[in-house]
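Read in our numbering, the sequence shown has 671 at position 34, and its numbers run on one by one without any break.
Report on the following structure.
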Amino acid sequence: MRIPFNDLATPHASIVEDVVAEVRALAGNSRFIGGPAVEAFEQDFAAFCHTRHAVGVANGTDAIELTLRALGIGAGDEVLVPANTFIATASAVAATGARPVFVDVDPVSLLVTPATLEAGLTERTKAVVPVHLFGHMVPPADVLAFAQRHGLIVIEDSAQAHGADAPSDGGDEKSRAGSYGVAGTFSFYPGKNLGAWGDGGAVVTDDTALASRIRSLANHGRSEGTDHYEHRYVGRNSRLDALQAAVLRRKLADLPEATAQRRRVASVYAEALAAHSIPLVAPLSGVDSAWHLLVVRVPGRETVRRLLDEAGIGTGVHYPVPCHRQLAYISDQTVSLPVAEQAATEILSLPFFPHMRDDEIAYVAESLAKAIAAV
Ligand SMILES: Cc1ncc(COP(=O)(O)O)c(C=O)c1O
């Protein structure tokens, strides 16, 4: 059996005709930048995230950077970032002139907690960027109480967590990933749970003034309703284009079903892995994960990967080097963050996609158990 790490082609096959129809319409109306396709997607995505606004931007990195800039964060400020995230969380902070301060994570969830965040605090700390890693959401209560205590802004990096939820007993609407911070940022990189056919990103927020400033910064500093050549802010071009918006809007319609399938695949995996006593990085209790990645922790990871590759199974590592140990940041951050460092040597992302079959999952679990036994 050959099992790829991911399979984007199968779900796309069923929507390609719909997308072609959208492309024809765009070719006819020539509204390639902004216009009805982008507006319609932004409205749908805001509703999906339970927020008032969504602003489409060029990618998930810009979504973080432009949000920080719009909030006035820059040189002289510090922003708390988990050490075990994709480097873009950190580079987006650095691009504003602010300093990303890396913090450690909980040994089980691999997510930030109030205690790990506390360790990075200084009087220059202005904001915290919790990352909903692997689709496993950092629950709102943990971060919000910490941020409130220290007067910090919360921006949720939800690049891996479209549709993750932490429903409270009271049915609180602000439990969706991206909706509880001042803003939530998303990536639509093709492999993400909601992936474009190219690059794309968005910021969601309830704050109308913030949404409008981010929109302006992403559009050469133009303000809505003013002349095309009037530039209120020093902005740049970071717009979501209409072709990507059309693809994303079509795919968003299928996202709840795809997320339910991901949750099903994850629960079949959890059972199969438990039968072999292989630890899975699971969401915290009370969180409905978006299950972007299915991550286990294994000894002798590189050998295990090679053996799985020989068995026809694709794997990934997210991420092999924590941010504070990357050459780009190492001279600035001499801290030791032992949990993130240890996890980086053990984590292994298994094949995972919504339409994965039970026999494929069983084959991966058995092959993994054999590989671990052979190490
Ligand atoms: C956690 C996280 N943050 C930020 C990003 C950056 O998104 P993009 O690649 O769209 O710039 C990604 C994905 O690539 C990510 O996984």
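Cβ coordinates follow ideal geometry from the N, Cα and C atoms, glycine included.
Here the structure is a predicted model, which means the values were calculated and not measured.
Cβ-Cβ distance between residue i and residue j below 8 Å
| i | j | result |
| --- | --- | --- |
| VAL935 | LEU987 | no |
| VAL742 | ALA977 | yes |
| ASP843 | ARG689 | yes |
| ASN830 | LEU892 | yes |
| THR759 | VAL740 | no |
| PHE823 | GLY832 | no |
| VAL660 | GLU679 | no |
| ILE710 | THR733 | yes |
| VAL749 | PRO777 | no |
| ILE701 | ASP779 | no |
| LEU945 | GLY828 | no |
| GLU755 | VAL738 | no |
| VAL902 | PHE989 | yes |
| SER728 | THR698 | yes |
| LEU663 | LEU880 | yes |
| LYS811 | LEU789 | no |
| ASP969 | VAL905 | no |
| VAL656 | ALA883 | yes |
| ALA784 | VAL766 | no |
| GLY858 | VAL871 | yes |
| HIS865 | ALA1002 | no |
Beta-carbon separation (whole angstroms), residue i vs residue j, contact threshold 8 Å
| i | j | result |
| --- | --- | --- |
| ALA695 | SER875 | 4 Å |
| ARG873 | SER860 | Their Cβ separation, rounded to whole angstroms, is 15 Å, which puts ARG873 and SER860 out of contact at 8 Å. |
| HIS799 | ALA927 | 6 Å |
| ILE984 | HIS955 | 7 Å |
| ALA677 | ARG813 | Contact flag wrong, Cβ pair sits at about 20 Å. |
| ALA707 | LEU847 | 6 Å |
| ARG786 | GLY713 | About 22 Å separates the two Cβ atoms, so there is no contact after all. |
| LEU717 | GLY757 | 5 Å |
| ASN721 | ALA981 | 7 Å |
| CYS686 | GLY835 | That pair is no contact at about 21 Å. |
| ILE670 | CYS960 | Going by Cβ atoms, the distance from ILE670 to CYS960 rounds to 34 Å, so no, they are not a contact pair. |
| GLN797 | HIS929 | 4 Å |
| LEU854 | TYR817 | Actually they are not in contact, since the Cβ atoms of LEU854 and TYR817 sit about 23 Å apart, beyond 8 Å. |
Assigned secondary structure, residue i (DSSP; H/G/I helix, E/B strand, else coil)
| i | result |
| --- | --- |
| PRO719 | strand |
| ILE1009 | helix |
| ILE915 | coil |
| GLY953 | strand |
| ARG869 | coil |
| SER986 | strand |
| PHE783 | helix |
| ARG887 | helix |
| ARG639 | coil |
| VAL765 | strand |
| ARG901 | helix |
| GLU793 | strand |
| LEU931 | strand |
| ASP741 | coil |
| ASP969 | coil |
| ARG942 | helix |
| ARG962 | helix |
6 Å Cβ shell around residue i - same chain, five flanking residues per side excluded
| i | result |
| --- | --- |
| ARG639 | GLY949 |
| LEU917 | ALA907, LEU910 and VAL933 |
| PRO641 | GLY951 |
| ARG895 | The sequence shown places Ala at residue 895, rather than the Arg named in the question. The residues are PRO991. |
| SER746 | LEU921 |
| PRO744 | VAL976 |
| ARG962 | none |
| ARG899 | TRP928 and PRO991 |
| TYR1000 | MET638 |
Contact set for residue i: own chain, Cβ-Cβ below 7 Å, skip 5 residues either direction
| i | result |
| --- | --- |
| THR704 | ILE792, ALA820, THR822, VAL840 and ILE851 |
| ALA1008 | VAL941, LEU944 and LEU945 |
| THR647 | HIS992 |
| SER805 | SER812 |
| ALA897 | none |
Close Cβ partners of residue i (< 8 Å) along its chain, the five nearest in sequence each way excluded
| i | result |
| --- | --- |
| VAL924 | HIS773, MET774, PRO776, ALA801, ASP802 and ALA803 |
| GLU867 | ARG859 and SER860 |
Residue-level contact to chain B via CB, residue i, 8 Å cutoff
| i | result |
| --- | --- |
| ASP969 | Going by chain labels, chain B is absent from the structure shown, which holds only one protein chain. |
Whole alpha helix (DSSP H) elements within the segment 798-863, 4-residue minimum
845-854
Please go through the segment 644-713 and give each complete beta strand (DSSP E) segment of 3 or more residues, from N-terminal end onward.
690-694
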